[in-house]
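In terms of full-length UniProt numbering, the sequence shown has 140 at position 140, counting the first letter as 1, and numbering is strictly consecutive.
Glycine included, C-beta positions come from ideal geometry on N, C-alpha and C.
Small disclaimer: the values here were computed from a predicted structure and weren't measured.
Quick notes on the structure that follows.
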Amino acid sequence: MTTAENPAIASDTRTITLRVNGREVTRAVSTRTTLSDFLRDDLDLVSVHLGCEHGVCGCCTVLLDGESVRSCLMLAVQARGHEVETVESLSADQNNLHPIQQSFAEEQGLQCGFCTPAMVLRCKELLGERRERTDEEVRREISGILCRCTGYQNIVNAVQNAGRKLAGEA
Ligand code: FES
Ligand code: FES
């Protein structure tokens, strides 16, 4: 059914413009579409992983204006005019990994990888504030993202290693 035949469809849709991974994007979206579905389905940014879809697991975390948010709890229309970053923005290919990605690889900070894009983005936010982080700080700051595989220690090591790399010490 077209929007002309059913005006309810048209009224349910908004055109939004936002920046995603440094590029301006304009799309018509349903007012009910979550930011996570928009990023995955409309923009093909499949690093945005969906676990619980109700704000518990943190695996759908993206950066909105530099701050981590759970994209399953936001509507796409709420991101209008904002800057969204997913892990796809960090490196062009696997031969040129971002220092944070490199650190996760070196420290084996991932196993199945389901939580990893969220962890990497949270790490980027955290280290953007301050490079050097204690074990306790890292554990507290990543506690909103659940990892079922690693036992967390290697993720903590990866975040601290990334801090040293970004500070030019490793
Ligand atoms: S999928 Fe968003 S918090 Fe779990
Ligand atoms: S590496 Fe599997 S959930 Fe974290």
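Three-state class that DSSP yields for residue i in the structure shown
i: E132; result: coil
i: A170; result: coil
i: E85; result: strand
i: V69; result: strand
i: E24; result: strand
i: L146; result: coil
i: R40; result: helix
i: V29; result: strand
i: R80; result: coil
i: V62; result: strand
i: L45; result: coil
i: L18; result: strand
Close Cβ partners of residue i (< 6 Å) along its chain, the five nearest in sequence each way excluded
i: C147; result: C115
i: G51; result: C57, C59
i: L35; result: S71, M74, A76, A79
i: V138; result: V156, V159
i: T33; result: A76
i: T15; result: A28
i: D42; result: R27
i: A170; result: R164
Of the residues the options, the one placed nearest residue i, counting alpha carbons only
i: I145; options: D93, V29, L121; result: L121
i: F38; options: L73, V56, G58; result: L73
i: C149; options: E129, Q108, K165; result: Q108
i: C60; options: S71, E67, G66; result: S71
i: Q13; options: V69, G22, N21, A28; result: It should be pointed out that residue 13 corresponds to Thr in this sequence rather than to Gln. Nearest C-alpha to T13: A28.
i: N21; options: S30, V48, F104; result: V48
i: H54; options: R130, D65, T86, V69; result: V69
i: R64; options: D135, K124, R130, E136; result: Reading off the sequence shown, one finds Leu at residue 64, where the question assumed Arg. The shortest Cα separation from L64 among D135, K124, R130, E136 belongs to K124.
Local Cβ density within 10 Å of residue i, reported as buried at 16 or more and exposed below that
i: R40; result: buried
i: G168; result: exposed
i: V46; result: exposed
i: N154; result: buried
i: residue 186; result: Residue 186 cannot be examined here, being either before or after the span of the chain that is shown, 1 to 170.
i: S89; result: buried
i: residue 173; result: Within the shown structure, residues of the chain are numbered from 1 to 170, placing residue 173 beyond reach of any answer.
Close Cβ partners of residue i (< 8 Å) along its chain, the five nearest in sequence each way excluded
i: L18; result: E24, V25, A79, R80, G81, H82, E83, V84
i: R133; result: L126, L127, E141, V159, Q160, G163
Cβ shell of residue i (< 7 Å), same chain only, five flanking positions each side left out
i: T2; result: Here the model assigns T2 a pLDDT of 48, short of 50, so the residue's position is not dependable, and the following value carries that caveat. Taken in chain order, the list of residues that qualify is empty.
Item to complete: Would you mind listing the beta strand (DSSP E) stretches within the region 89 to 115 that are 3+ residues and don't spill past its ends, in chain order?
Response: Complete beta strand (DSSP E) runs here, min 3: none at all.
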